[in-house]
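In what follows, a structure is listed as structure tokens, so that the remarks can point back to it.
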Amino acid sequence: MGISMSDELVSVFLVTRHGARTPLHLIDSLPEIEYKKELLKPFVEAKMVVKSLDGQKDLTNSISYKDEKYLQRKLKGGAFVGQLTSTGEQQMFNLGSRLKKKYIQDMDFLSQKYDPKQIYVRSTHLNRTINSAKSLLAGMYQSGPKQKLDEPFLVHTNQLEIDYLYPNLLECPYIQLKRKLIKKSFRFYAQDWNNQYHCFVDYLKKKYNFRQHDVSNPLFVYEFLDEVHSRMAHGLEIPLGLSDLIQDANRFASIELGIEMMENLGINCGKFINLLKHLLLEVAFKHRNEKSDYYKFNYFSAHDNTLIALLIALNKIDESNYVFPSFGSDLVIELWKDSSRYYVKVYFNGKIIKINERVFDRKKISKIEYNVNMLTSSDLIEEDGRMDLEDFVNILDKYGIDEKFYYSICFKFKNEY
4 MGISMSDELV
14 SVFLVTRHGA
24 RTPLHLIDSL
34 PEIEYKKELL
44 KPFVEAKMVV
54 KSLDGQKDLT
64 NSISYKDEKY
74 LQRKLKGGAF
84 VGQLTSTGEQ
94 QMFNLGSRLK
104 KKYIQDMDFL
114 SQKYDPKQIY
124 VRSTHLNRTI
134 NSAKSLLAGM
144 YQSGPKQKLD
154 EPFLVHTNQL
164 EIDYLYPNLL
174 ECPYIQLKRK
184 LIKKSFRFYA
194 QDWNNQYHCF
204 VDYLKKKYNF
214 RQHDVSNPLF
224 VYEFLDEVHS
234 RMAHGLEIPL
244 GLSDLIQDAN
254 RFASIELGIE
264 MMENLGINCG
274 KFINLLKHLL
284 LEVAFKHRNE
294 KSDYYKFNYF
304 SAHDNTLIAL
314 LIALNKIDES
324 NYVFPSFGSD
334 LVIELWKDSS
344 RYYVKVYFNG
354 KIIKINERVF
364 DRKKISKIEY
374 NVNMLTSSDL
384 IEEDGRMDLE
394 DFVNILDKYG
404 IDEKFYYSIC
414 FKFKNEY
């Protein structure tokens with residue numbers, strides 16, 4: 004069933020993972036390579052102002068506590084850890100160009116000229132997400148990566164210590180406690196020689212001289228792949244023996260992160276899911292009452308686990324299927340209005356996806372084993388995914404939590420951590 008000519012696109016909600024970056028976790032036993040400082044040379048030149056969520060504080064030159072630590076860790080070659088690279092900026096610029104074609108050129112939904120009254124941008128307070136947002140906006144509104152506009156792009160950010168666009172272990176130490184419990188309660192982690200995951204981890208431990216403390220981390224393979232993915236994104240050398248392991252490593256890492264996000268979805272990203280729910284309802288209410296004081300485009304520049312949380316809520320990740328968002332991945336929620344109702348359409352990496360209402364079975368999660376599907380966005384079936392706004396909000400409501408409930412959980416266990 005196609006969209007009627009009378010259907011109206013009301014608002015767009017975009018969530019992205021930042022573009023390619025230098026690694027956060029290094030594999031000490033791998034032959035060291037150079038991450039040259041030229042990797043950090045800007046691909047995009049654009050004016051930008053960064054402000055607090057209330058718009059009162061100018062944070063353009065403010066650095067978060069995490070970036071302060073990252074900028075003290077210089078890699079061989081001169082680049083710093085955890086920083087968006089020129090390749091990452093180009094990825095986000097290209098994504099912005101794709102969005103420009105759809106929403107500005109083809110649909111005439113947004114104006115040709117950048118208008119901060121039309122588009123709201125929020126990022127976690129990290130250089131890699133803030134600069135990803137800048138690069139994406141440049142792709143949407145600049146004629147080229149170096150052709151700066153007179154007006155700066157406006158990006159809002161929250162203090163990283165209290166942000167909830169990602170699992171915030173500093174604000175909620177209970178997340179870390181829950182991660183430790185996961186390793187003890189999931190069959191997937193069983194130390195059984197018939198368990199392929201256990202055998203794979205043991206192989207990595209012996210081959211790359213990891214300590215027992217390292218492999219006890221329930222996200223061990225996920226963090227092991229961090230440097231591998233960074234090398235691959237920038238065309239840097241991957242040792243032959245390691246390249247043969249990447250397919251299995253990707254599968255196991257996706258399961259690790261998927262399990263952790265499913266088990267702890269509320270405290271990981273429930274506040275953000277709740278925010279999306281309220282924003283959708285607010286925009287629909289204002290549009291219904293012919294008020295125009297809402298943003299037509301809402302953009303959140305975030306992380307892989309942010310996207311995973313949304314894909315779990317929309318049932319694209321469940322006990323049997325896992326998706327790992329690569330650098331620069333995006334999820335779009337479009338709010339539409341036809342003659343009788345508001346409805347939504349969801350896209351992942353440019354492909355429309357069908358939304359399922361089924362809630363994943365927590366009992367089955369604990370029995371997850373290694374023989375599950377690891378999907379990419381190209382594996383997801385493109386099909387008509389329209390859903391009534393009311394039904395979509397009900398899905399988000401199952402996973403979203405409000406601030407009061409969030410803090411009641413985190414503070415209840417804070418003294419026990």
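If you're matching positions, the sequence shown starts at 4 in the working numbering and goes up one per residue.
For glycine and all other residues, C-beta sits at the position ideal for the given N, C-alpha and C.
From a predicted model like this one, the values you see are computed outputs, not experimental measurements.
Would you mind working out which of the options sits nearest residue i, comparing C-alpha positions?
i           : options               : result
residue 102 : 334, 24 and 166       : 334
residue 12  : 299, 195 and 156      : 299
residue 190 : 182, 115, 201 and 241 : 201
residue 94  : 122, 140, 342 and 223 : 140
residue 359 : 399, 327 and 50       : 399
residue 112 : 63, 14 and 259        : 14
residue 315 : 329, 60 and 264       : 264
residue 185 : 220, 215, 161 and 176 : 220
residue 407 : 250, 297 and 270      : 270
residue 225 : 41, 203 and 242       : 203
residue 258 : 328, 124 and 174      : 328
At which residues does the beta strand (DSSP E) containing residue i begin and terminate?
i           : result
residue 195 : Note, residue 195: premise wrong, no beta strand (DSSP E); not H, not E.
residue 338 : 333-340
residue 8   : No beta strand (DSSP E) contains residue 8, which DSSP labels as neither H nor E.
residue 54  : 51-55
residue 233 : Run containing residue 233: none in the beta strand (DSSP E); it sits in the alpha helix (DSSP H), 223-236.
residue 356 : 354-356
How about residue i and residue j: do their beta carbons lie closer than 8 Å?
i           : j           : result
residue 411 : residue 19  : no
residue 52  : residue 148 : no
residue 355 : residue 388 : yes
residue 227 : residue 193 : no
residue 67  : residue 157 : no
residue 56  : residue 159 : yes
residue 199 : residue 49  : no
residue 260 : residue 313 : no
residue 135 : residue 22  : yes
residue 60  : residue 69  : no
Quick one: using the 10 Å Cβ neighbour count with 16 as the cut-off for buried, is residue i buried or exposed?
i           : result
residue 255 : buried
residue 8   : exposed
residue 267 : buried
residue 32  : exposed
residue 288 : exposed
residue 34  : exposed
residue 30  : buried
residue 237 : buried
residue 165 : exposed
How far does the alpha helix (DSSP H) with residue i in it reach, from first residue to last?
i           : result
residue 131 : 130-144
residue 262 : 249-266
residue 69  : 68-73
residue 96  : 89-102
residue 177 : 177-188
If you measure from the beta carbon of residue i to each beta carbon in chain B, is any gap under 8 Å?
i           : result
residue 214 : No chain B is present in this structure, which holds just one protein chain.
If you scan the region 144-169 from start to end, which runs of the beta strand (DSSP E) of 3 or more residues do you find wholly inside it?
156-160
Give the list of continuous beta strand (DSSP E) stretches no shorter than 3 residues that lie fully inside the region 291-326.
300-305 and 324-326
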